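Notes follow once the structure below has been shown.
Numbering (our numbering), first residue to last: 14 to 139.
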């Protein structure tokens with residue numbers, strides 16, 4: 014997954030080793046559990062407290078094919094009183110298990126748009 018364009022002020026986008034990012038929620042979902050155990054890194058989008066973003070932030074994944082399955086863990090962290098729209102767009106053929114955690118601090122306002130424009134052979138779990 015990649016950030017489309019530049020990060021606006023108050024926004025960071027990075028990949029962090031999974032051992033440095035704790036899960037904010039608990040689940041007994043087998044697929045999510047496997048993702049948390051096996052994904053080597055977590056993609057983290059942070060929006061600073063009090064940031065009000067006029068334009069949406071766009072995250073895009075152009076799938077890499079059907080040879081290997083991807084285990085993807087993504088965290089969206091929205092600071093207190095921040096306001097933003099995040100567009101998550103997936104396209105192409107892919108095998109993927111994905112967990113998206115959304116952490117909204119008090120007073121924040123987040124709109125998430127998910128575009129799943131996969132090709133016909135894709136398998137997407139999560």
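We put the CB at the ideal spot given by N, CA and C, even for glycine.
Model, not experiment: these values are computed from the prediction.
Review point. For residue 72 versus residue 57, is the C-beta spacing smaller than 9 Å?
Key: Result no, Cβ atoms of residue 72 and residue 57 do not sit closer than 9 Å.
Review point. In three-state terms, what does DSSP make of residue 105?
Key: strand
Exercise for review: Mark residue 89 as exposed unless 16 or more other C-beta atoms lie within 10 angstroms of its C-beta, in which case mark it buried.
Suggested key: The residue is buried, with at least 16 neighbouring Cβ atoms inside 10 Å.
Review point. Hey, quick one: how far does the alpha helix (DSSP H) through residue 120 stretch, first residue to last?
Key: Element bounds for residue 120: n/a, residue is neither H nor E.
Check your understanding: Expressed to the nearest angstrom, what Euclidean distance is found between the alpha-carbon atoms of residue 35 and residue 121?
Key -> 21 Å
**Study point:** Bridge partners - residue 78, DSSP secondary structure assignment
**Key:** 107
Check your understanding: Of all the options 132, 138, 105, 97, which has the alpha carbon lying nearest to the alpha carbon of residue 126?
Key -> 97
Check your understanding: The alpha helix (DSSP H) spanning residue 45 covers which residue range?
Key -> Segment 43–51, the alpha helix (DSSP H) holding residue 45.
Practice item. With distances taken Cα to Cα, identify the nearest neighbour of residue 20 among 132, 61, 83. Key: For the residues 132, 61, 83, the minimum Cα distance to residue 20 belongs to 61.
Review point. Span of the beta strand (DSSP E) holding residue 30?
Key: 24–30
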